[in-house]
Amino acid sequence: MEPQFWHERWENQQLGFHQQQVNHFLKQHWPELNLSAGSVFVPLCGKSVDMCYLAELGHQVVGSEFSEIAVRQFFAENGLTPTIVAGELVSRYQQDNYQLLLGDFFALSADDVRDCVAFYDRASMVALPEEMRQRYARQLADILPSGCCGLVILLEYPQALLAGPAFSVSQAWLTAHMGEHFTIEQLASYDVLQENQKFVKNGVPWLQENVYRITRK
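Right, here's the structure in full:
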């Protein structure tokens, strides 16, 4: 799955992954991270309204996104006019509690997220096919500071029955590909099959949405 796939989704506004409301699992489980105010990294952030919720809690939000359409729409839809600092690989769009890094996620360095005490992933890891997801996990390990605590929300289902995205990501996958550098704790698991008719119509017999706390060692 090449970046052009996602660029075309944004250009055509095919945004089935975008939620109009703040994710209820974020609201329910974010307090379990026991964080004070601090910067939160949101990789592959799109124009997620979840960033607004995090900002309302007093966090500085550092998002990473490669679609300029998504970044511009986020600021416009929230009535903000960002200051833009152009860079060779990554440009910064900044306003109020938001700093969105426009560019390739894999071009980010530890310096870009050095002040982050937490990260949030609702639809990033599940959007990536296997090889790219492994790169994503390695990149998080490379750039996140020690102690950075993440709330990660993943789907799990019989992958053979339905092609992604969204892809199935199990706790066993997390352990195999992130366990060396992160501690992994499952906070909750929810049966969400009936809420996702695409899966029902394709004969998927079960669909779990799992919430994890994942902390950089």
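Quick note on numbering: this note's numbering labels position 16 of the sequence shown as 861, and the sequence is numbered without any gaps.
Note that beta-carbon positions come from the ideal geometry of N, C-alpha and C, so glycine has one too.
Can you tell me which of the options puts its alpha carbon nearest to the alpha carbon of residue i?
{"i": "ILE929", "options": "SER912, ARG967, SER881 and LEU945", "result": "LEU945"}
{"i": "GLY1048", "options": "GLN940, VAL997 and LEU1006", "result": "LEU1006"}
{"i": "VAL887", "options": "THR1060, CYS961, TYR1035 and PHE1044", "result": "CYS961"}
{"i": "CYS993", "options": "ALA982, PRO974 and ARG959", "result": "ARG959"}
{"i": "ASN1041", "options": "GLN1053, ALA1033 and SER1034", "result": "GLN1053"}
{"i": "VAL997", "options": "PRO1010, ALA1008, ASP957 and MET1023", "result": "MET1023"}
{"i": "GLN940", "options": "ASN923, SER954 and GLU933", "result": "ASN923"}
{"i": "LEU902", "options": "GLU910, ALA931, ALA986 and LEU871", "result": "LEU871"}
{"i": "GLY948", "options": "THR1060, GLY891, LYS1043 and PHE911", "result": "PHE911"}
{"i": "ALA915", "options": "LEU925, CYS897 and GLY891", "result": "GLY891"}
{"i": "ALA1008", "options": "TRP1018, PHE1044 and GLU1030", "result": "PHE1044"}
{"i": "LEU989", "options": "ASP957, CYS897 and GLN918", "result": "ASP957"}
{"i": "GLY883", "options": "ALA1021, GLU913 and HIS904", "result": "HIS904"}
{"i": "HIS874", "options": "SER936, ASP966, SER893 and GLU913", "result": "ASP966"}
Given 7 Å as the limit, tell me if residue i has its C-beta closer than that to any heavy atom belonging to the ligand ATP.
{"i": "PRO927", "result": "Here there are no bound small molecules, and the ligand ATP is not part of this structure."}
What does a CB cutoff of less than 6 Å around residue i pick up in its chain, not counting 5 residues either side in sequence?
{"i": "TYR943", "result": "VAL906"}
Report buried or exposed for residue i, applying the criterion of at least 16 other Cβ atoms within 10 angstroms of its Cβ.
{"i": "PRO876", "result": "exposed"}
{"i": "GLU1001", "result": "buried"}
{"i": "ALA972", "result": "buried"}
{"i": "GLY908", "result": "buried"}
{"i": "THR1060", "result": "buried"}
{"i": "ALA968", "result": "buried"}
Cutting at 7 Å between CB atoms, please list the residues of its own chain near residue i, excluding the five before and the five after it.
{"i": "LYS1062", "result": "SER991, HIS1026, PHE1027 and THR1028"}
{"i": "LEU878", "result": "ALA963, CYS994, LEU996 and ARG1058"}
{"i": "PRO1010", "result": "VAL971 and ALA972"}
Distance check for residue j and residue i, CA to CA, integer angstroms please.
{"i": "TRP1051", "j": "GLN1004", "result": "11 Å"}
{"i": "LEU1032", "j": "ALA955", "result": "27 Å"}
{"i": "LEU934", "j": "LYS1046", "result": "42 Å"}
{"i": "VAL885", "j": "LEU953", "result": "15 Å"}
{"i": "ASP895", "j": "GLN984", "result": "22 Å"}
{"i": "PHE950", "j": "ALA982", "result": "12 Å"}
{"i": "ASN868", "j": "LEU899", "result": "11 Å"}
{"i": "MET970", "j": "ALA931", "result": "27 Å"}
{"i": "VAL865", "j": "GLN918", "result": "Looking at the sequence provided, one finds Gln at residue 865 rather than Val. Approximately 13 Å between the Cα atoms of the pair."}
The segment 1006-1018 in contact with the segment 971-990 per 3-pair CB rule at 8 Å: Taking a contact to require three or more Cβ pairs closer than 8 Å, the segment 1006-1018 and the segment 971-990 qualify as touching.
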